[in-house]
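Engineer:
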Amino acid sequence: DTAVSQTPKYLVTQMGNDKSIKCEQNLGHDTMYWYKQDSKKFLKIMFSYNNKELIINETVPNRFSPKSPDKAHLNLHINSLELGDSAVYFCASRSTGASTDTQYFGPGTRLTVL
Amino acid sequence: DAKTTQPNSMESNEEEPVHLPCNHSTISGTDYIHWYRQLPSQGPEYVIHGLTSNVNNRMASLAIAEDRKSSTLILHRATLRDAAVYYCILRGSQGNLIFGKGTKLSVKP
């Protein structure tokens, strides 16, 4: 029944490694997002996809590459991990309609780079 | 992108109403005002949103000033489970949420 799910919930890895975070939504939404919450708890948009097409790509290093195999999935691949990548990453999907405009967030993936 | 200003923190007693203020003086005419909250160790969750008129739902009420430069989120009876960071948000041009620092609400029993 989970609306937006992310795996893994925790990810601990060494500097220089490559890792992926997966996100899936079963809400039928067309738009999905990745947000990053740093150690100061500040949440910032990273990417947005609409129906598998990239529509937002904020100033994020090229080491971060989102992939959307279908509109229910938006994965995040990170190459050559750095200490500063340690953060909580949230996936979200958005529903829009005549009277709704709501984003549903996943539980987050806490990434720790050692 | 328009920005919002909120107090860093507020305290409330359980069972009492809470009024969380937000200033958004640069809001444009078509910007909706959104409120989300983030409970400890969880992702943000939607609370309420509105354009001009006051709005009510099962979670809260949203009072919007006539000039739309400020709004107030009202929790009618705070519970311990309402302790969270509350974000007043204006969306970006592509629908993304632009988060500020939010207001950390503490609820005392």
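In order, the protein sequences belong to chains A and B. Start counting the first sequence at 183; every next residue gets the next number (this note's numbering). Start counting the second sequence at 82; every next residue gets the next number (this note's numbering). Yeah, the Cβ is synthetic: ideal placement off N, Cα and C, and Gly gets one too. Since we're looking at a predicted model, the values are computed, not measured.
1) Contact defined as beta carbons within less than 8 Å: I believe B:Ile155 pairs with B:Ala164. What is the distance between those atoms, to the nearest angstrom?
2) When you compare the CB positions of B:Leu186 and B:Glu92, do they come within less than 9 Å of one another, or not?
3) Looking at chain B, is there any beta carbon in it that lies within less than 9 Å of the beta carbon of A:Phe272?
4) Ignore the nearest five residues each way along the sequence and tell me which others in A:Asn233's own chain have a CB closer than 6 Å to its CB.
5) May I ask you to report which of helix, strand or coil DSSP gives B:Arg162?
6) Let me know the secondary structure DSSP gives A:Leu265 once reduced to three states.
7) So, is the C-beta of A:Lys204 closer than 9 Å to a C-beta in chain B?
8) If I'm right that B:Gly131 touches B:Leu143 with Cβ under 8 Å, what's the distance once you round it to whole angstroms?
9) Would you check if the distance between the CB atom of A:Gly290 and the CB atom of B:Gly181 is smaller than 9 Å?
10) Please confirm whether A:Tyr271 and A:Trp216 have their CB atoms less than 9 Å apart.
11) Quick check: is the beta carbon of B:Ser109 nearer than 9 Å to any beta carbon in chain C?
12) Can you list, in chain order, the residues of its chain with a C-beta nearer than 7 Å to that of A:Asp220? Leave out the 5 residues immediately preceding and following it.
13) Where does B:Tyr113 sit, in a helix, a strand or coil, going by DSSP?
14) Return the residues of the segment 129-162 of chain B that lie within a Cβ-Cβ distance of less than 9 Å from chain A, sorted by chain order.
15) From B:Val166 to A:Asn199, what does the alpha carbon distance come to, in whole angstroms?
16) What's the gap between the Cα of B:Arg118 and the Cα of B:Glu126?
17) Closest to A:Asp267 by C-alpha separation, out of A:Leu193, A:Lys204, A:Pro251, A:Gly210, would be which residue?
18) What residue range is occupied by the uninterrupted beta strand (DSSP E) comprising A:Glu352?
19) Figure out for me which residue from B:Thr184, B:Leu178, B:Pro88 has the closest Cα to the Cα of B:Asp112.
20) With the cut-off set at 9 Å, would you say A:Asn257 and A:Ser250 are in Cβ contact?
21) Roughly how many angstroms separate the alpha carbons of A:Lys218 and B:Thr133, rounded to a whole number?
22) In three-state DSSP terms, what is B:Arg149?
23) State the beta-bridge partners of A:Ala254 as determined by DSSP.
Structural biologist: Walking through what the data contain:
1) Here residue 155 of chain B refers to the residue found at position 74 when the second sequence is read from its first residue. Here residue 164 of chain B refers to the residue found at position 83 when the second sequence is read from its first residue. Going by Cβ atoms, the distance from B:Ile155 to B:Ala164 rounds to 16 Å, so no, they are not a contact pair.
2) As a position in the second sequence, residue 186 of chain B is number 105, starting the count at 1. As a position in the second sequence, residue 92 of chain B is number 11, starting the count at 1. Result yes, Cβ atoms of B:Leu186 and B:Glu92 sit closer than 9 Å.
3) In the first sequence, counting from the first residue as 1, residue 272 of chain A sits at position 90. Taking Cβ atoms only, chain B reaches closer than 9 Å to A:Phe272, which makes this a yes.
4) The count along the first sequence starts at 1 and reaches residue 233 of chain A at position 51. These residues qualify, in order along the chain: Asp212, Lys253.
5) Here residue 162 of chain B corresponds to residue number 81 of the second sequence, with the count starting at 1. Helix.
6) The residue you call residue 265 of chain A lines up with position 83 of the first sequence. Here A:Leu265 carries a helix assignment [DSSP, helix/strand/coil].
7) Your numbering for residue 204 of chain A matches position 22 in the first sequence. Chain B, which has no Cβ nearer than 9 Å to the Cβ of A:Lys204, makes this no.
8) Here residue 131 of chain B refers to the residue found at position 50 when the second sequence is read from its first residue. Here residue 143 of chain B refers to the residue found at position 62 when the second sequence is read from its first residue. Correct: roughly 5 Å between the Cβ atoms.
9) Taking the first residue of the first sequence as position 1, residue 290 of chain A is located at position 108. Taking the first residue of the second sequence as position 1, residue 181 of chain B is located at position 100. Result no, Cβ atoms of A:Gly290 and B:Gly181 do not sit closer than 9 Å.
10) Counting from one through the first sequence, the residue named residue 271 of chain A turns up at place 89. Counting from one through the first sequence, the residue named residue 216 of chain A turns up at place 34. In this structure, A:Trp216 lies closer than 9 Å to A:Tyr271 by Cβ.
11) In the displayed structure, chain C is absent; the protein chains listed are A and B.
12) As a working mapping, residue 220 of chain A is identified with position 38 in the first sequence. Beyond the five residues adjoining it in sequence on each side, A:Asp220 comes within less than 7 Å, by CB distance, of Ala269 in the same chain, given in chain order.
13) Start at 1 with the first residue of the second sequence, and residue 113 of chain B comes out as number 32. Note: B:Tyr113 maps to coil in three-state DSSP.
14) Those would be His130, in chain order.
15) Within the second sequence, residue 166 of chain B is the residue found at index 85, counting from 1. Within the first sequence, residue 199 of chain A is the residue found at index 17, counting from 1. Computed Cα separation, rounded: 33 Å.
16) Counted from its first residue, the second sequence places residue 118 of chain B at position 37. Counted from its first residue, the second sequence places residue 126 of chain B at position 45. Approximately 5 Å between the Cα atoms of the pair.
17) On the first sequence, residue 267 of chain A is found 85 positions in, with the first residue counted as 1. Closest by alpha carbon: A:Leu193.
18) The structure shown does not extend to residue 352 of chain A, since chain A is modelled only from 183 to 296, so the question has no answer here.
19) For the purposes of this step, residue 112 of chain B is taken as residue 31 along the second sequence, with counting starting at 1. Comparing Cα-Cα distances from B:Asp112 to each of B:Thr184, B:Leu178, B:Pro88, the minimum goes to B:Leu178.
20) By 1-based counting over the first sequence, the position of residue 257 of chain A is 75. By 1-based counting over the first sequence, the position of residue 250 of chain A is 68. When the beta-carbon positions are compared, A:Asn257 and A:Ser250 come within less than 9 Å of each other.
21) Here residue 218 of chain A refers to the residue found at position 36 of the first sequence. Here residue 133 of chain B refers to the residue found at position 52 of the second sequence. Rounded to the nearest angstrom, the two C-alpha atoms are 31 Å apart.
22) Along the second sequence, read from residue 1 onward, the residue named residue 149 of chain B stands at position 68. Residue state, collapsed to three classes: coil.
23) Within the first sequence, the letter at position 72 stands for residue 254 of chain A. Answer is none; A:Ala254 lacks a bridge partner.
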